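Heads up: the structure comes next, in structure tokens.
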Amino acid sequence: MKHPKKAPRSAKFWPVLGFATLAGMRSMSAPAFLSHYLSRQPHGGLDGSPLRFLRKPATATALKAIAAGEIVADKLPMMPNRIAPEVLLGRLVSGALVGAAWYKSRHGSAVGGGVLGGAVAVAATFISYALRTGISEKSGVPIALVGVGEDALVLAGGAALLSGQRPAHGEWRPL
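Those letters in the sequence shown? Residues 293 to 467, per this note's numbering, in order.
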């Protein structure tokens, strides 16, 4: 049986940095974008993996709805800061999930991808928090309005990540 060639490290590493950065900014957007991609262009690396649920169209739809709810909820004044321990943990888990799934889909180590994704998501959480609060304080713009700009950045970043990906077998198929 012919085994697929392992994807080069850069084909795994850079997209995980992008997805995990999104997870640090909006925890559910990264899994929503990744699941959307995987449901349209499934990769053999997830065959038999517990992460294969991300390839299901129903999962992609549910994650998109949850991500949209998060975008709205993020603006509510009673929401805890993203650096609160329970929120930070959610972002770490989200980053680890997208990292593990991307690496595994590219025939890499789910553990390695998960560690990378989780670490990047935590770093992106603190950086995006500092930027958002700093912009609001220095400009006098309400923090919720700065959050709208952050939403636009997350959506544009996710779309850019998806548009630059190729299926595992190398044939270009736009989403």
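Glycine included, every Cβ here is placed at the ideal spot set by N, Cα and C. As the structure is a computational prediction, the values presented were derived from the model and not from experiment.
In this structure, the CA atom of L408 is about 19 Å from the CA atom of L454. Annotated as distal: G391 and G361, with beta-carbon spacing of 8 Å or more. Proximity to L384 across L309, A315 and W306 peaks at A315, based on C-alpha coordinates. Here M320 is near L355, since their CB atoms are less than 8 Å apart. Looking from the CA of G337, the closest CA among R398, A422 and S431 belongs to R398.
A Cβ-Cβ separation of about 7 Å places A312 in contact with A416 under the 8 Å criterion.
The region 437-453 makes contact with the region 320-331, as at least three CB pairs between them are under 8 Å.
Within the region 390-446, complete alpha helix (DSSP H) segments of at least 4 residues are found at 402-431, given in chain order. For R347, the CB contacts under 7 Å within the same chain, skipping 5 residues up- and downstream, are L330, S331, P334 and L338 in chain order.
Look at G340 here: in three-state DSSP terms it is coil, with no helix or strand label.
Counting along the chain, the unbroken alpha helix (DSSP H) around F325 starts and ends at S321 to R332. L368 carries a coil assignment under DSSP once its states are collapsed to helix, strand and coil. Only residues of its own chain outside the window of five on either side were considered, and among them A392 have a CB closer than 8 Å to the CB of V403, listed in chain order.
The Cβ-Cβ distance between F325 and G450 falls below 8 Å. Contact check for L309 against V412 passes: the beta carbons are separated by less than 8 Å.
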